[in-house]
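Trainee: Following the UniProt record's numbering, the numbering of the sequence shown begins with 1 at its first residue and continues without gaps.
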Amino acid sequence: MTELRYTGNRSGRAISLPVRYGRRGNEIVVRVGRPEAKTWWRNFTTHSSLSLWIDHRWRSGVGRVLMPGSRAYAYAAAIYRRSPSSELPTDPLVLIKLDPESDQGTAPGIRRGARLWRRWLLAVTIGEVLGFLFPSVTAVVAGPIDEPLAAATLVAAGTIEGGVLGWFQASVLHEALPRLDKRRWILATAFGAAIAWTVALTMIMSEGFQRWPTAAAIPALTAGVVVIVCCLGVAQWFVLRDHLVGAGGWIGATALAWVVGLSVFTAVTSPLWQPDQPTWLVLAIGLAGGCLMAAAMAGVTGSFLVWLLRAQPHTRCRAAQSGDRTSRTLLNRSRRPRATSRNR
Numbered sequence: 001m002t003e004l005r006y007t008g009n010r011s012g013r014a015i016s017l018p019v020r021y022g023r024r025g026n027e028i029v030v031r032v033g034r035p036e037a038k039t040w041w042r043n044f045t046t047h048s049s050l051s052l053w054i055d056h057r058w059r060s061g062v063g064r065v066l067m068p069g070s071r072a073y074a075y076a077a078a079i080y081r082r083s084p085s086s087e088l089p090t091d092p093l094v095l096i097k098l099d100p101e102s103d104q105g106t107a108p109g110i111r112r113g114a115r116l117w118r119r120w121l122l123a124v125t126i127g128e129v130l131g132f133l134f135p136s137v138t139a140v141v142a143g144p145i146d147e148p149l150a151a152a153t154l155v156a157a158g159t160i161e162g163g164v165l166g167w168f169q170a171s172v173l174h175e176a177l178p179r180l181d182k183r184r185w186i187l188a189t190a191f192g193a194a195i196a197w198t199v200a201l202t203m204i205m206s207e208g209f210q211r212w213p214t215a216a217a218i219p220a221l222t223a224g225v226v227v228i229v230c231c232l233g234v235a236q237w238f239v240l241r242d243h244l245v246g247a248g249g250w251i252g253a254t255a256l257a258w259v260v261g262l263s264v265f266t267a268v269t270s271p272l273w274q275p276d277q278p279t280w281l282v283l284a285i286g287l288a289g290g291c292l293m294a295a296a297m298a299g300v301t302g303s304f305l306v307w308l309l310r311a312q313p314h315t316r317c318r319a320a321q322s323g324d325r326t327s328r329t330l331l332n333r334s335r336r337p338r339a340t341s342r343n344r
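1) DSSP beta-bridge partners for P18?
2) So, helix, strand or coil for E36, using DSSP?
3) Can you tell me the Cα-Cα spacing of A294 and I228, whole angstroms?
4) Under 8 Å, do V19 and V30 count as touching if we go by C-beta distance?
5) What does the alpha-carbon distance come out to for the pair R118 and P35?
6) Starting from G63, trace the beta strand (DSSP E) both ways and give me its first and last residue.
7) Within 10 angstroms of the Cβ of R5, are there 16 or more other Cβ atoms? Answer buried if so, exposed if not.
8) I want to know whether the segment 88-98 touches the segment 62-76 - three or more CB-CB distances under 8 Å.
9) Take the Cβ of T315 as the centre, count every other Cβ of all protein chains shown within 10 Å, and call the residue buried at 16 or more, exposed below.
10) Once DSSP output is grouped into helix, strand and coil, what is the label at I195?
11) Got a sec? Which residues, its chain only, sit under 7 Å from A200 by beta carbon, not counting five neighbours each side?
12) Could you name the residues that DSSP lists as bridge partners for V94?
13) Between P68, V140, G246, which lies nearest to T279 when the distance is taken from Cα to Cα?
14) Tell me which residues share the same chain as L272 and place their Cβ nearer than 7 Å to its Cβ, disregarding the 5 neighbours each side in the sequence.
15) If we ignore side chains and look at the alpha-carbon of each, how far apart do L121 and A288 end up?
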């Protein structure tokens, strides 16, 4: 048994399922058990790209379903029966031609992933720094946040920060996921930022729940922190799940990224900020800390994004696929079984 991943022709969603297979070299045959009760194999009535977990890594290929009675089916059935535990198949078979290049290491994919990571690091760092200017300036202009109007204004500025960050993220992510709706991503990021700022300001205005009983304050404080670091990832997950298998990990990766980023900010600014410093120096230290925080956050999320993209079906992920030229070559090769079967 192994795992097969592909993108649905109609839904456009990434789909993953366990399959039983037989193998001969770079030719894989998957049996479609109980075809009348399943629909996944209909995605392969024509040659379609896919990914298969085999040889302890994901490999790309092209598959097509074969029906009983054809010479190509007899060829595929012979491959399937080479497996000692496989009985004579009578169900449809999906003949998969693995990309030979995917058996020669992952250097091209690593290079593409490195380029994507660098672009993400630069774009997201700039986006977060520029976005954070809005709540920073608003905090200075609006004054104390214990006033409802000032707090609401700061939440609005934080929402704009999320929108700016989302725009920069979407500009890079859309190249790897062409079907990604950039507007949805930006709105989701802005919404997540609004929730984070609302919860954070609520905690600040309540002085960290210091007036609450300890038994209630600790759970409330813990829940607030969890919401702050996770809400952005949760909001973006609602968009990402339509395009990537395993997108739920984005929530944890984003939360970790913000924890790392805030830790870097604290480690840099705390020893440098001193009483009676001039305003320009305070701002300069804060800006430097903010840039490092943004870079740390972008580095963590970018690393997870590259890893996640490499594990996806190659049809929808430009960062992970080997290219349309390879797919066309595999399509041509997949027609060879008929000639081979005739010669035998």
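Just so you know, even glycine gets a beta-carbon here, dropped at the ideal spot from N, CA and C.
Mentor: Let me lay it out:
1) Here residue 18 is taken as the residue at index 18 of the sequence shown, counted from 1. Answer is E3.
2) On the sequence shown, position 36 is the one that residue 36 refers to. Helix.
3) Locating residue 294 in the sequence shown gives position 294, counting from the first residue. Locating residue 228 in the sequence shown gives position 228, counting from the first residue. Within the model, the alpha-carbon separation for A294 versus I228 is close to 16 Å.
4) The residue given as residue 19 occupies position 19 in the sequence shown. The residue given as residue 30 occupies position 30 in the sequence shown. Contact: yes.
5) Walking along the sequence shown from the start, residue 118 turns up at place 118. Walking along the sequence shown from the start, residue 35 turns up at place 35. In a straight line, the C-alpha of R118 is about 45 Å away from that of P35.
6) Reading the sequence shown from its first residue, position 63 is the one you call residue 63. In the DSSP assignment, G63 falls within the beta strand (DSSP E) that extends over 57-66.
7) Numbered from its first residue, the sequence shown carries residue 5 at position 5. A buried status is given to R5, since no fewer than 16 other beta-carbon atoms sit within 10 Å of its beta-carbon.
8) Yes, the segment 88-98 touches the segment 62-76.
9) Numbered from its first residue, the sequence shown carries residue 315 at position 315. For T315, the predicted structure reports a pLDDT of 41, less than 50, and the residue's modelled location is therefore unreliable. A value from the coordinates is still provided. Label assigned to T315: buried.
10) Against the sequence shown, residue 195 aligns to sequence position 195. I195: helix per DSSP, three-state reduction.
11) As a position in the sequence shown, residue 200 is number 200, starting the count at 1. Around A200: I228.
12) Working through the sequence shown from its first residue, we reach residue 94 at position 94. Residue pairing by DSSP places V94 opposite V30, V65 in a beta bridge.
13) In the sequence shown, the residue the question calls residue 279 occupies position 279. Closest option to T279, Cα to Cα, is V140.
14) What you label residue 272 is simply residue 272 of the sequence shown in a count that begins at 1. Counting only Cβ-Cβ distances below 7 Å, and skipping sequence neighbours, we find I285.
15) Start at 1 with the first residue of the sequence shown, and residue 121 comes out as number 121. Start at 1 with the first residue of the sequence shown, and residue 288 comes out as number 288. Straight-line Cα distance between these residues: approximately 16 Å.
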